[in-house]
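J.:
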Amino acid sequence: MQASDIMTTEVVSVPISASVFDAANLMATHHISGLPVIGEDGKIAGMVSEGDLLHRVETGTGKPQRSWLAEFLHSTRRLATEYLKEHALKITDVMTENVVSVLPTTPLAEVADLLQRHHIKRVPVVVEGKVLGIVSRSNLVQALAHAVQGPSEALASDEALRQHVLQVLGGHRWAMAAEDVVVKDGVVHLWGTVTSEEERRAICVSAERVVGVKGVEDHLGYPTYFTPM
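Take a look at the structure:
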């Protein structure tokens, strides 16, 4: 799947001429936690989120006065940035200008990686500066909730399932010896040794996700000389 498959296309945005209060009203009205800022040329100019409006003097949530030592240790740029977040009236003074964006064809795995790596909750889908949609963390969760496993290969032979399980396991560091995987009546029996509970669970999940597998029997154990972490 790619970004265009799950993105929200009804994008609520705010013009670059808007005020901080305009953005706050839009987010409150539409129950969203962030929105793109659109320039006069119709292209994305930035993003503003609830995090940008968290500490405000109007709500009494401004950061407390620092000691002289803390003021001295912080850079002037950082102090100025914090002041802007708390006092600025224009959206351009609080928005994030260096926007992380994706294309409609960006794979969901890459989208998820960007959200996690940059510690953001949403990413705009952009083509030539124009915002086509938004992919949020909740969109990814919804995609998972609606994910449908492929049709069960009920007619697959036990040997075909065994070969498929071995192929899947072979793509990981926890690959198992061929003789440690046995399939009978569609149920996979896993034998052999592991070095951690996480490895045990990963092996079982790898087998469970093979289409056509009816169940997994875990016979895995630890070496007699080994104490699992």
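Going by our numbering, the sequence shown opens with residue 1, and the numbers climb by one from there.
Glycine is no exception: its CB is placed at the ideal position from the N, C-alpha and C atoms.
Quick caveat, the model's predicted, so the values are computed rather than measured.
Which residue comes first and which comes last in the alpha helix (DSSP H) that contains serine 206?
T.: 197-208
J.: Which whole-angstrom value describes the C-beta separation of valine 188 and valine 216, a residue pair presumed to lie in contact below a C-beta threshold of 8 Å?
T.: 5 Å
J.: Return the chain-ordered list of same chain residues with a C-beta closer than 7 Å to the C-beta of proline 151, the five sequence neighbours on each side being excluded.
T.: Because the pLDDT of proline 151 is 48, which lies under 50, any placement of that residue in the model is unreliable, and the question is left without a value.
J.: From leucine 144 to threonine 76, what does the alpha carbon distance come to, in whole angstroms?
T.: 45 Å
J.: Going by DSSP, name the residue or residues bridged to lysine 90.
T.: Ser19
J.: Using three-state DSSP, classify methionine 47 as helix, strand or coil.
T.: strand
J.: Threonine 61 to glutamate 86, Cα distance in whole Å?
T.: 8 Å
J.: By the DSSP assignment, the alpha helix (DSSP H) with glycine 192 in it spans what residues?
T.: Segment: none, glycine 192 is in no alpha helix (DSSP H) and carries neither H nor E.
J.: Closer than 6 Å by C-beta to leucine 108: which residues in its own chain qualify, once you throw out the five before and the five after it? Chain order, please.
T.: Short of 6 Å from the beta carbon of leucine 108, and not among the five residues preceding or following it, lie these beta carbons of its own chain, in chain order: Met1.
J.: Would the stretch 166-180 count as touching the stretch 80-95 if we require 3 or more Cβ pairs under 8 Å?
T.: no
J.: Leaving aside the five residues before and after methionine 7 along the sequence, list all residues of the same chain whose C-beta is less than 8 Å from its C-beta, in chain order.
T.: Pro104, Val125, Leu132, Gly133, Ile134, Val135 and Asn139
J.: Below 9 Å between beta carbons: does that hold for alanine 23 and valine 11?
T.: no
J.: Compute the Euclidean distance between the alpha carbons of leucine 115 and glutamate 159, then round it to the nearest angstrom.
T.: 41 Å
J.: From what residue to what residue does the beta strand (DSSP E) around glutamate 58 run?
T.: Per DSSP, glutamate 58 lies in no beta strand (DSSP E) and is assigned neither H nor E.
J.: Would you mind reading off the limits of the alpha helix (DSSP H) that contains leucine 132?
T.: Where leucine 132 is concerned, there is no enclosing alpha helix (DSSP H), although the beta strand (DSSP E) it sits in stretches over 130-136.
J.: Assign arginine 162 to buried or exposed, taking buried as 16 or more other Cβ atoms, counted over all protein chains shown, within 10 Å of its Cβ.
T.: buried
J.: Using the DSSP secondary-structure output, state which residues sit across from threonine 8 in a beta bridge.
T.: Threonine 8 is bridged by DSSP to Ile134.
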